[in-house]
Each structure stands twice: as C-alpha cells, then as structure tokens.
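Numbering (the numbering used here), first residue to last: 1 to 328.
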C-alpha cells in the first residue's frame with residue numbers, strides 16, 4: 001500500500017441493470033461510478049454478470065433447460081447480442097467513467113469473444129484502475145450447475161491480482177469461493193482487497209465471503225444484484241408462466257463489506273438499490289496475520305503444494321501461415 005492511501009474508501013454497488021440492455025446498463029453503471037466517486041470511494045465493485053444481467057431465467061423460468069426450447073434460445077440470443085467484448089465500446093466507456101471519478105472499478109460481465117465470433121459466452125470480471133486503464137479480466141473457472149447452459153469455462157491464465165494505488169485488488173465469481181485451490185492461489189498473491197461477485201448474496205454466500213476474508217486475511221467487498229420481476233422485459237417468452245408477482249425479487253441484494261477478521265463493516269443490505277461504503281484500514285491486514293496466515297506461518301509447503309496452469313486454453317491457434325493446431 002502506498003502512503004497516499006493509508007485508509008481506502010470502497011463502495012459495493014448494489015443495483016439492478018437495465019436487464020439485457022447493454023448500452024442502457026453501461027450508462028447506468030457510469031452514473032453509479034460517478035456517484036461512488038463523489039462520495040470519496042476509490043474502488044467501486046459491481047455484481048456478477050451485471051452487464052447486461054445475470055441469466056436468472058435458469059432459476060425461475062419454466063422450460064429454461066428443455067432441449068430445443070425456442071424461448072430459451074431466443075433469450076440466449078439476446079444475451080449474446082448484448083454481451084461485452086474486451087476491450088470494446090462498453091469497456092472504453094467504463095474506463096472513462098472510472099478515470100473521471102478517480103475510482104477503480106470491478107465489473108461483472110457476460111463476455112463475448114472478440115476473435116472467434118462464436119456463440120460461447122463467459123462469466124467474467126473486468127477491473128479498471130482509478131486512471132481508467134483496463135487492468136485485466138478474469139473468467140469464472142467453472143459455471144455452476146445450470147449456468148453451464150450459458151457460459152464456457154475459464155482457465156488459469158486469468159487468476160490475477162492487480163497492483164493499484166489503493167492496494168492489491170483481486171476478485172472471484174460466486175461459487176469459485178468454494179474452490180479451495182482457487183482461494184489458495186489468490187491468497188498466495190498477497191491480495192489486500194477482494195471483490196466477491198454474486199448474483200445475490202444470500203446467507204450461504206455471505207458465509208463464503210466472510211470465510212474468504214478470514215482465511216485470506218483481506219478485505220472483501222461482496223456484491224449482489226437486485227432485480228424485480230417487473231424489471232424483466234415483457235417480450236421474453238421464456239418467463240411466461242413463472243407465476244411470480246410483479247414485485248417479486250428475482251435477485252435480492254444482500255451485499256456487504258467485510259474486514260480481515262471476517263466481521264461485516266457495512267451491510268448486509270436488504271433487497272433495495274443502494275451503495276454501501278466502508279473505510280478500509282489496510283494496516284489491519286498485518287495485525288490479523290499475527291494469529292493466522294494461510295500462506296505464511298500457518299502453511300505447510302513441505303506437506304502441501306499447488307501448481308497453477310497459467311497457459312491460456314484456446315480452441316484454435318493461428319500462426320503466420322494461417323490455421324494452426326487445435327488445442328483444448
């Protein structure tokens with residue numbers, strides 16, 4: 001940590017996207033980044049796949065997993081059309097907003113490949129520095145259960161933590177927080193502020209986030225979306241017959257900011273749109289390491305070792321002469 005920021009104010013941005021509308025959601029994100037920056041936040045964290053929304057139909061829509069179900073195909077096609085390319089116009093706009101606010105940003109996106117133009121999407125995180133520079137991208141290593149209908153798998157090349165003026169910032173998505181080796185790989189990097197992105201932070205998700213903070217001796221910004229049934233576009237046939245009231249919450253927030261002792265500094269929030277703020281004293285990290293350091297005096301490298309394959313896994317390699325060899 002640099003001397004300029006002995007204490008860092010962070011923001012957990014709990015809001016609804018403009019569901020399945022990338023451009024409108026980006027515009028809303030830019031307004032929220034500006035709001036967080038105006039309150040002194042040096043980091044703003046958004047929920048899982050906030051751009052342009054978490055595929056909540058997997059949980060509530062009848063027939064979402066049926067073979068050759070046209071409404072499911074149609075909503076997926078809309079998601080692909082509104083997904084985010086990295087880099088691209090959406091990331092350019094987010095970076096400009098971050099620079100204008102002087103606030104680093106961690107954003108959950110549905111990512112679409114720029115190179116291959118395939119239908120495969122990825123559950124990804126993009127991180128921007130307070131100067132607006134795109135620092136990198138992380139793809140969720142394995143989609144959870146029905147999510148495999150929507151997203152492909154990430155790889156070890158995107159398990160990154162970034163040096164920023166406000167500390168070392170990293171992030172994981174949802175059930176990655178229950179992958180012990182993924183957690184350990186992140187802890188080894190000396191992560192100071194961790195972004196935990198969830199569709200909604202219900203009780204078990206909060207448990208996982210608090211455990212991550214305690215185990216990693218780091219601060220955790222755990223963020224979930226809010227989304228009511230009446231915020232879903234009326235023309236999405238896949239939701240027909242779900243039987244939900246217009247004001248029913250499909251995603252119910254629950255965001256929190258957690259200290260390196262596992263205790264909440266802010267939140268958990270309710271199901272309303274809000275921005276949570278907390279001042280993080282990064283000096284507390286060293287103090288908490290006195291009793292437990294998972295990758296230091298409480299580790300046993302003579303007994304346990306971890307190897308991370310950081311090579312990008314691609315389906316097609318192109319060399320100077322054209323089409324190269326297939327890979328996994």
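No residue lacks a Cβ here, since even glycine has one placed at the ideal position from N, Cα and C. Quick caveat: nothing in here was measured; it's all calculated off a predicted structure.
Practice item. Inspect the beta-carbon positions of residue 109 and residue 124 and report whether they are closer than 8 Å. Key: Locating residue 109 in the chain shown gives position 109, where the first residue counts as 1. Locating residue 124 in the chain shown gives position 124, where the first residue counts as 1. Yes, the Cβ-Cβ distance between residue 109 and residue 124 is below 8 Å.
Exercise for review: Identify every run of the beta strand (DSSP E) within the region 136-183, keeping only runs that are complete inside it and at least 3 residues long; order them along the chain.
Suggested key: Complete beta strand (DSSP E) runs here, min 3: 161-164, 167-173.
Check your understanding: Looking at C-alpha atoms only, which residue of 128, 176, 198, 147 is the closest neighbour of residue 164?
Key -> Locating residue 164 in the chain shown gives position 164, where the first residue counts as 1. Considering only alpha carbons, the answer is 128.
Point to revise | Of the residues 50, 11, 12, the one placed nearest residue 18, counting alpha carbons only | key: For the purposes of this step, residue 18 is identified with residue 18 of the chain shown, where counting begins at 1. With distances taken between Cα atoms, residue 18 lies closest to 50.
Check your understanding: Around the Cβ of residue 337, are there at least 16 other Cβ atoms within 10 angstroms (buried) or fewer (exposed)?
Key -> Limits of the chain in this structure are 1 at one end and 328 at the other, which puts residue 337 out of reach.
Exercise for review: Taking only runs that begin and end inside the region 267-292, name each unbroken alpha helix (DSSP H) of 4 or more residues, in chain order.
Suggested key: 283-288
Exercise for review: My understanding is that residue 146 touches residue 61, with C-beta atoms under 8 Å, so please give their C-beta distance in whole angstroms.
Suggested key: Counting from one through the chain shown, the residue named residue 146 turns up at place 146. Counting from one through the chain shown, the residue named residue 61 turns up at place 61. The pair is not a contact, with the Cβ atoms about 11 Å apart (cut-off 8 Å).
Practice item. Could you pull out every residue in the same chain whose Cβ sits closer than 7 Å to the Cβ of residue 232, ignoring the five residues on either side in sequence? Key: Taking the first residue of the chain shown as position 1, residue 232 is located at position 232. The answer, listed in chain order, is 19, 239.
Exercise for review: From the DSSP output, read off the bridge partner residues of residue 108.
Suggested key: Within the chain shown, residue 108 is the residue found at index 108, counting from 1. Answer is 125.
Check your understanding: Does DSSP classify residue 14 as helix, strand or coil?
Key -> Against the chain shown, residue 14 aligns to sequence position 14. Collapsing the DSSP output to three states places residue 14 in a strand.
Exercise for review: In the DSSP assignment, find the alpha helix (DSSP H) that holds residue 211 and state where it starts and stops.
Suggested key: Here residue 211 refers to the residue found at position 211 of the chain shown. 203-216 is the span of the alpha helix (DSSP H), which, as asked, contains residue 211.
Check your understanding: Is residue 327 helix, strand or coil when you go by DSSP?
Key -> Looking up residue 327 in the chain shown gives position 327. In this predicted model, residue 327 has a pLDDT of only 39, less than 50, meaning its place in the structure is not dependable enough to derive any value.
Exercise for review: Assign residue 94 to one of three DSSP states: helix, strand, or coil.
Suggested key: Here residue 94 refers to the residue found at position 94 of the chain shown. The answer is helix: DSSP assigns residue 94 an H, G or I state.
**Study point:** Cβ-Cβ distance between residue 292 and residue 217 below 8 Å
**Key:** Position 292 of the chain shown, counted from the first residue, corresponds to residue 292. Position 217 of the chain shown, counted from the first residue, corresponds to residue 217. If you check the CB distance, residue 292 and residue 217 come in under 8 Å.
Review point. If residue 253 and residue 295 are in contact, beta carbons under 8 Å, what's the gap, nearest whole angstrom?
Key: Within the chain shown, residue 253 is the residue found at index 253, counting from 1. Within the chain shown, residue 295 is the residue found at index 295, counting from 1. 32 Å between Cβ atoms; not a contact.
Check your understanding: What do you get for residue 215, buried or exposed, if any count of 16 or more other CB atoms within 10 angstroms of its CB means buried?
Key -> The residue you call residue 215 lines up with position 215 of the chain shown. So residue 215 counts as buried.
Review point. Pick from 27, 263, 184: whose alpha carbon is nearest that of residue 160?
Key: In the chain shown, residue 160 corresponds to position 160, counting from 1. It is 184.
Exercise for review: For residue 301, count neighbouring Cβ atoms within 10 angstroms of its own Cβ and tell me buried if that reaches 16, exposed if not.
Suggested key: By 1-based counting over the chain shown, the position of residue 301 is 301. The residue in question, residue 301, is exposed, as its Cβ has fewer than 16 Cβ neighbours within 10 Å.
Exercise for review: Name the one or two DSSP bridge partners that residue 386 has.
Suggested key: Examination of residue 386 is not possible in this model, given that the chain is present from 1 through 328 alone.
Check your understanding: Once you ignore the five residues that flank residue 174 on each side, which residues in its own chain have a CB closer than 6 Å to its CB?
Key -> Along the chain shown, one-based indexing puts residue 174 at 174. 48, 198.
Check your understanding: Taking the continuous alpha helix (DSSP H) assigned at residue 20, which residues delimit it?
Key -> Here residue 20 refers to the residue found at position 20 of the chain shown. That residue, residue 20, is in no alpha helix (DSSP H); it is neither H nor E in DSSP.
Practice item. Return the chain-ordered list of same chain residues with a C-beta closer than 6 Å to the C-beta of residue 281, the five sequence neighbours on each side being excluded. Key: As a working mapping, residue 281 is identified with position 281 in the chain shown. Excluding positions up to five away in sequence, the list reads 7.
**Study point:** Per-residue burial, residue 273 [other beta carbons within 10 Å of its own, 16 or more giving buried]
**Key:** Residue 273 sits at position 273 when you count from the first residue of the chain shown. Label assigned to residue 273: exposed.
Practice item. Give a yes or no on whether the C-beta atoms belonging to residue 170 and residue 186 are separated by under 8 Å. Key: Within the chain shown, residue 170 is the residue found at index 170, counting from 1. Within the chain shown, residue 186 is the residue found at index 186, counting from 1. In contact: residue 170 and residue 186 (Cβ atoms closer than 8 Å).
Practice item. Would you mind reading off the limits of the alpha helix (DSSP H) that contains residue 219? Key: Against the chain shown, residue 219 aligns to sequence position 219. Note, residue 219: premise wrong, no alpha helix (DSSP H); beta strand (DSSP E) at 219-223.
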